[in-house]
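Enquirer: If you're matching them up, the sequences are chains A and B in order. First residue of the first sequence? That's 1 in full-length UniProt numbering, and the numbers climb one at a time after it. First residue of the second sequence? That's 1 in full-length UniProt numbering, and the numbers climb one at a time after it. Quick one: this structure, given as structure tokens, is what I'll be asking you about.
2 protein chains.
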Amino acid sequence: MRLIAFGESFVQGAGDPDHLGWVGRAISGRREISLYNLGIRRETSTQLLARWEGEARLRRVDYEPMRIVFSFGCNDSHLEDGAPRVAVAETLKNARALLTGALAFAPVLMVGPPPVADPGVCARTEALNAALLALCARLQVPFIDVFQPLEAGGLWQAEAAAWDGAHPGAAGYQQMADLVSAHPAWRRFIEGGE
Amino acid sequence: MRLIAFGESFVQGAGDPDHLGWVGRAISGRREISLYNLGIRRETSTQLLARWEGEARLRRVDYEPMRIVFSFGCNDSHLEDGAPRVAVAETLKNARALLTGALAFAPVLMVGPPPVADPGVCARTEALNAALLALCARLQVPFIDVFQPLEAGGLWQAEAAAWDGAHPGAAGYQQMADLVSAHPAWRRFIEGGE
């Protein structure tokens, strides 16, 4: 199976000394899964919308099933010139286009954004997380909510604060991977055949 | 620093239960390196030539240096309808275009292709490895030759034979990563600043 992961720096695994991120950790030991990690640092959902399909198409083959996982929202919530880089309504429009477009390719799953250190960004990301969860429910796309568990644990943000203010280290990424891989929706997502 | 890795399944890390491949293993512990692993299984140098620049451009930023590593050749050497998927002259033409094009973006390094189980493919890959080494010398692109060490060790091909005939497991990928990361050209490549 080919697993394509689209999203921002947390998907790419920025700051992980093991270069796995939560995605690589969530499929540890599964040799039969070929991972294409297509996370890009600082990318917004608007930028992702412009490139995901071309990159997915180049990695699709007719002889092996594909799965697509998305995780974004933090970069949209950052301020630029006093306003979020992408407004909530626009993020939701982008998310709808991404998810429905990807569903035409393959089974799709969304993992919600993690918390970040900056309180303003974090509050906007939390609101976006709830809105993305509701959108996914309407589209019948499985959604794995990691925001509250990561924030409550404190490890994620403590590691981020000790590094660059945004990205955790190995333990934080492992915690996010554990939340994802223990979720029944993830198990259905990567266990199933075509 | 952003490290972009372009190539085929060995770059992508097919069969590695740890989902690192040799690239992830070669930068283990280096948190400051953001890895963009853009290997695609079965891809030839002709297909890579058509897509590398668009994908590199989307991952380039003006505030952080970039490095580009290439590794290809095995898929070109596979037979299709009785002839190699890409003829040697064409591979070299593609390689020249890839390397000179990428040098306009960032410092570039090439890692030669590893051996494969099929004797015919392996012999053609070995010849291609020598030709790519010579081309890189002419272009002054550092080239790390892993073919003979991996073949002589036997581990790479033993692991491949025990899996899918082409791809090793964790130990094989680690051996290739060790060859790469111990090479002075690799250390210069990832140590340097802009």
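C-beta: ideal position from N, C-alpha, C; glycine also.
1. Could you give the uninterrupted runs of the beta strand (DSSP E) lying entirely in the region 91 to 139 of chain A, keeping only those of 3 residues or more?
2. Looking only at its own chain, which residues have a Cβ that is under 7 Å from the Cβ of E194 of chain B, when we skip the five neighbours before and after it?
3. Work out the CA separation of F10 of chain A and G24 of chain A for me, nearest whole Å.
4. Are there 16 or more other CB atoms within 10 angstroms of the CB of V61 of chain B, so buried, or fewer, so exposed?
5. To which residues of the same chain is A95 of chain A closer than 7 Å at the C-beta, ignoring the five residues directly before and after it?
6. Which residue comes first and which comes last in the alpha helix (DSSP H) that contains R57 of chain B?
7. Taking the beta strand (DSSP E) that V69 of chain B belongs to, which residues open and close that run?
8. Buried or exposed for S71 of chain A, going by 16 or more other Cβ atoms inside 10 Å?
9. Hey, quick one: how far does the beta strand (DSSP E) through I4 of chain B stretch, first residue to last?
10. Which residues in chain B sit within 7 Å of I68 of chain A, going by Cβ to Cβ distance?
11. Is the shortest distance between the beta-carbon of P17 of chain B and the beta-carbons of chain A less than 7 Å?
12. Between which residues of its own chain and V69 of chain A is the CB-CB distance below 6 Å, once the five residues before and five after are set aside?
13. Rank B:N37, B:A87 and B:F143 by C-alpha distance to the C-alpha of W186 of chain B and give the top, closest one.
14. Verify the CB distance criterion: does I40 of chain A have a CB-CB separation below 7 Å to chain B?
15. Could you check what DSSP says for E194 of chain A in three-state terms: helix, strand or coil?
16. Hey, could you find the ends of the alpha helix (DSSP H) Y173 of chain B is sitting in?
17. Taking all protein chains shown into account, do 16 or more other C-beta atoms lie within 10 angstroms of the C-beta of D138 of chain A, making it buried, or fewer, making it exposed?
18. With 7 Å as the threshold, decide whether the Cβ of E194 of chain B is near any Cβ in chain A.
19. For A117 of chain A and G165 of chain A, which I take to be in contact (beta-carbon distance under 8 Å), what is that distance rounded to the nearest angstrom?
20. Return yes when the Cβ of R41 of chain A is within less than 7 Å of the Cβ of Q12 of chain A, no when it is not.
21. Counting only C-beta atoms, is G101 of chain B closer than 7 Å to chain A at any point?
22. Is L49 of chain A near A87 of chain A, with beta carbons less than 7 Å apart?
23. What does A89 of chain A reach in chain B if we use C-beta pairs closer than 9 Å?
24. By the three-class DSSP mapping on this structure, what secondary structure does R187 of chain A have?
25. Contact between the region 177 to 185 of chain A and the region 144 to 159 of chain A: three or more CB pairs below 8 Å?
26. Could you check the C-alpha separation between G101 of chain A and A152 of chain B for me, to the nearest Å?
27. Which same chain residues end up closer than 8 Å to L99 of chain B when comparing Cβ atoms and leaving out the 5 residues on each side of it in sequence?
28. Return the chain-ordered list of same chain residues with a C-beta closer than 8 Å to the C-beta of I27 of chain B, the five sequence neighbours on each side being excluded.
29. Helix or strand or just coil, what does DSSP make of S34 of chain B?
30. Determine, for A14 of chain B, whether the minimum Cβ-Cβ distance to residues of chain A falls below 7 Å.
31. Among the candidates A:D178, A:A56 and A:R31, whose CA atom is the shortest distance from the CA of A104 of chain A?
32. So is L58 of chain B in contact with chain A if we call contact Cβ pairs under 7 Å?
33. Does the Cβ of L20 of chain A have 16 or more other Cβ atoms within 10 Å, making it buried, or fewer, making it exposed?
34. Is it the case that the Cβ atoms of P119 of chain A and C74 of chain A are separated by a distance below 7 Å?
35. Just to make sure I have the definition right: I need the residues of chain A whose C-beta is within less than 8 Å of the C-beta of S28 of chain B. Which are they?
36. Which residue or residues does DSSP assign as beta-bridge partners of L155 of chain B?
Expert: Straight from the coordinates:
1. With a minimum length of 3 residues, the continuous beta strand (DSSP E) runs that stay inside the region 91 to 139 of chain A are 108 to 111.
2. The residue labelled residue 194 of chain B in the question sits at position 194 within the second sequence. Confidence at E194 of chain B is low in this model, with a pLDDT of 42, below 50, so the placement of that residue is unreliable and no value is reported for it.
3. For the purposes of this step, residue 24 of chain A is taken as residue 24 along the first sequence, with counting starting at 1. For the purposes of this step, residue 10 of chain A is taken as residue 10 along the first sequence, with counting starting at 1. Their backbone Cα atoms lie some 11 Å apart in a straight line.
4. The residue you call residue 61 of chain B lines up with position 61 of the second sequence. The Cβ neighbour count for V61 of chain B, taken over all protein chains shown within 10 Å, is under 16; the residue is labelled exposed.
5. Counted from its first residue, the first sequence places residue 95 of chain A at position 95. Result list for A95 of chain A: S45, L132 and L135, in chain order.
6. Here the question's residue 57 of chain B lines up with position 57 in the second sequence. Secondary structure note for R57 of chain B: its alpha helix (DSSP H) is the uninterrupted segment S45 to R59.
7. As a first step, residue 69 of chain B must be located in the second sequence, where it is residue number 69. In the DSSP annotation of this structure, the continuous segment of the beta strand (DSSP E) that includes V69 of chain B starts and ends at M66 to S71.
8. Stepping through the first sequence from its first residue, residue 71 of chain A is reached at position 71. With 16 or more other Cβ atoms within 10 Å, it is buried.
9. Taking the first residue of the second sequence as position 1, residue 4 of chain B is located at position 4. Note, I4 of chain B: beta strand (DSSP E), R2 to G7.
10. Walking along the first sequence from the start, residue 68 of chain A turns up at place 68. Within chain B, no residue comes near I68 of chain A; the closest Cβ sits about 16 Å away, beyond 7 Å.
11. Indexing the second sequence from 1 puts residue 17 of chain B at position 17. Chain A, which has a Cβ nearer than 7 Å to the Cβ of P17 of chain B, makes this yes.
12. Position 69 of the first sequence holds residue 69 of chain A. Cβ neighbours of V69 of chain A beyond the five flanking positions: A5 and L109.
13. Numbered from its first residue, the second sequence carries residue 186 of chain B at position 186. Checked all of B:N37, B:A87 and B:F143; the closest Cα to W186 of chain B is B:F143.
14. Position 40 of the first sequence holds residue 40 of chain A. So yes, I40 of chain A belongs to the interface.
15. For the purposes of this step, residue 194 of chain A is taken as residue 194 along the first sequence, with counting starting at 1. Confidence at E194 of chain A is low in this model, with a pLDDT of 42, below 50, so the placement of that residue is unreliable and no value is reported for it.
16. Numbered from its first residue, the second sequence carries residue 173 of chain B at position 173. Per DSSP, the continuous alpha helix (DSSP H) segment holding Y173 of chain B begins and ends at A170 to S181.
17. Counting from one through the first sequence, the residue named residue 138 of chain A turns up at place 138. According to the sequence shown, residue 138 of chain A is Arg rather than Asp. With fewer than 16 other Cβ atoms within 10 Å, it is exposed.
18. Here the question's residue 194 of chain B lines up with position 194 in the second sequence. At E194 of chain B, the pLDDT of 42 sits below 50, so the modelled position is not reliable; the number obtained from the coordinates is stated separately. At a cut-off of 7 Å between C-beta atoms, E194 of chain B does not count as an interface residue with respect to chain A.
19. As a first step, residue 117 of chain A must be located in the first sequence, where it is residue number 117. As a first step, residue 165 of chain A must be located in the first sequence, where it is residue number 165. Rounded, the Cβ-Cβ distance is 5 Å, consistent with contact.
20. Taking the first sequence and counting its residues from 1, one reaches residue 12 of chain A at position 12. Taking the first sequence and counting its residues from 1, one reaches residue 41 of chain A at position 41. Cβ atoms of Q12 of chain A and R41 of chain A: closer than 7 Å.
21. If you number the second sequence from 1, residue 101 of chain B lands on position 101. G101 of chain B does not count as touching chain A.
22. Walking along the first sequence from the start, residue 49 of chain A turns up at place 49. Walking along the first sequence from the start, residue 87 of chain A turns up at place 87. Taking C-beta atoms as the reference points, L49 of chain A and A87 of chain A fail to come closer than 7 Å.
23. On the first sequence, position 89 is the one that residue 89 of chain A refers to. Contact annotation for A89 of chain A against chain B: no contact, minimum CB-CB distance about 25 Å [criterion: below 9 Å].
24. If you number the first sequence from 1, residue 187 of chain A lands on position 187. Of the three classes helix, strand and coil, the one that applies to R187 of chain A here is helix, per DSSP.
25. Contact between the region 177 to 185 of chain A and the region 144 to 159 of chain A is present, because at least three Cβ pairs lie under 8 Å.
26. Here residue 101 of chain A refers to the residue found at position 101 of the first sequence. Here residue 152 of chain B refers to the residue found at position 152 of the second sequence. Near 48 Å, if we compare the C-alpha coordinates of A152 of chain B and G101 of chain A.
27. To locate residue 99 of chain B, count along the second sequence from 1; it is residue 99. Contacts found: F70, V108, M110, L135, C136, L139 and V141.
28. For the purposes of this step, residue 27 of chain B is taken as the residue at position 27 of the second sequence. Correct list, in chain order: L3, I33, L35, S181 and I190.
29. Taking the first residue of the second sequence as position 1, residue 34 of chain B is located at position 34. Strand at S34 of chain B.
30. The count along the second sequence starts at 1 and reaches residue 14 of chain B at position 14. It does: the Cβ of A14 of chain B has a partner Cβ on chain A nearer than 7 Å.
31. In the first sequence, counting from the first residue as 1, residue 104 of chain A sits at position 104. Checking every option, the nearest Cα to that of A104 of chain A belongs to A:A56.
32. Numbered from 1 along the second sequence, position 58 holds the residue referred to as residue 58 of chain B. Taking CB atoms only, L58 of chain B has a neighbour in chain A less than 7 Å away.
33. Position 20 of the first sequence holds residue 20 of chain A. The residue is buried, with at least 16 neighbouring Cβ atoms inside 10 Å.
34. In the first sequence, counting from the first residue as 1, residue 119 of chain A sits at position 119. In the first sequence, counting from the first residue as 1, residue 74 of chain A sits at position 74. Contact: no.
35. Position 28 of the second sequence, counted from the start, is the residue given in the question as residue 28 of chain B. What S28 of chain B touches in chain A: P17, D18 and H19.
36. Stepping through the second sequence from its first residue, residue 155 of chain B is reached at position 155. Answer is none; L155 of chain B lacks a bridge partner.
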